[in-house]
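Residue numbers (the working numbering): 9 to 136. What follows is one structure encoded as structure tokens, with my remarks underneath.
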Amino acid sequence: MADSGSTSNLAAAAKTADAGAAPAAAAADKSDEKDQRRQFNYALVKFCDMVDELRVEAVDMVVTAVERHPGNYEAASKTIKEQMDKRCGSSWHVVVGEGFGFEITHEMRNLLHMYFGGAVGILVWKAS
Numbered sequence: 009m010a011d012s013g014s015t016s017n018l019a020a021a022a023k024t025a026d027a028g029a030a031p032a033a034a035a036a037d038k039s040d041e042k043d044q045r046r047q048f049n050y051a052l053v054k055f056c057d058m059v060d061e062l063r064v065e066a067v068d069m070v071v072t073a074v075e076r077h078p079g080n081y082e083a084a085s086k087t088i089k090e091q092m093d094k095r096c097g098s099s100w101h102v103v104v105g106e107g108f109g110f111e112i113t114h115e116m117r118n119l120l121h122m123y124f125g126g127a128v129g130i131l132v133w134k135a136s
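Quick look at the structure:
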């Protein structure tokens, strides 16, 4: 038969261990969140039917614009559109944001869908 004194001591020790682990776990969650943001600090191209040379230039334009305007998706999309219009002629459209879906009509070989910084989605396409 177990001694009730030793059982209560074990229970008290477990409670103090859990109380000490909770702040440590919260700190670990915050550091994991920072690590995830660092991990996704690159361009992730989901779909692109552009010529390789144009794709590289477009991805560079997008990354530069999003980094230059953090959190201001409207300014970033305007910058990307102006640069694409200068580089490849008019009729370019750009959407920058989080949590959107799309169904579009576009010219062949003129579509780029990518993510940058984890949750920021960028869609660039040309329509005549």
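Glycine included, each C-beta is placed from N, C-alpha and C at the ideal position.
Beta-carbon gap between residue i and residue j smaller than 8 Å
i	j	result
Val128	Val71	no
Met58	Arg117	yes
His114	Lys89	no
Leu119	Cys56	yes
Gly105	Tyr81	yes
Assumed close pair residue i, residue j - CB separation to whole angstroms, cut-off 8 Å
i	j	result
Asp54	His101	Checking the sequence shown, residue 54 turns out to be Lys, not Asp. With 8 Å as the limit, Lys54 and His101 do not qualify as a contact, their Cβ atoms being about 17 Å apart.
Residue(s) in a DSSP beta bridge with residue i
i	result
His121	Phe55, Leu131
Val67	Paired residues: none, contrary to the question.
Val103	Leu131
Same chain, Cβ closer than 6 Å to residue i, five either side skipped, listed in chain order
i	result
Tyr123	Leu52, Gly129
Met92	Trp100
Phe84	Checking the displayed sequence, the identity of residue 84 turns out to be Ala instead of Phe. For Ala84, where only same-chain residues beyond five positions count, the Cβ hits under 6 Å are Ala73, Val74, His77, Val104.
Spatial neighbours of residue i in its chain, beta-carbon cut-off 7 Å, leaving aside the 5 residues before and after
i	result
Phe108	Gly129
Val67	Ala51, Val53, Met122
Lys86	none
Own chain, CB closer than 8 Å to residue i, minus 5 neighbours either side, in chain order
i	result
Ser136	Ser99, Glu115
Arg172	There is no way to answer for residue 172, as the model of the chain reaches only from 9 to 136.
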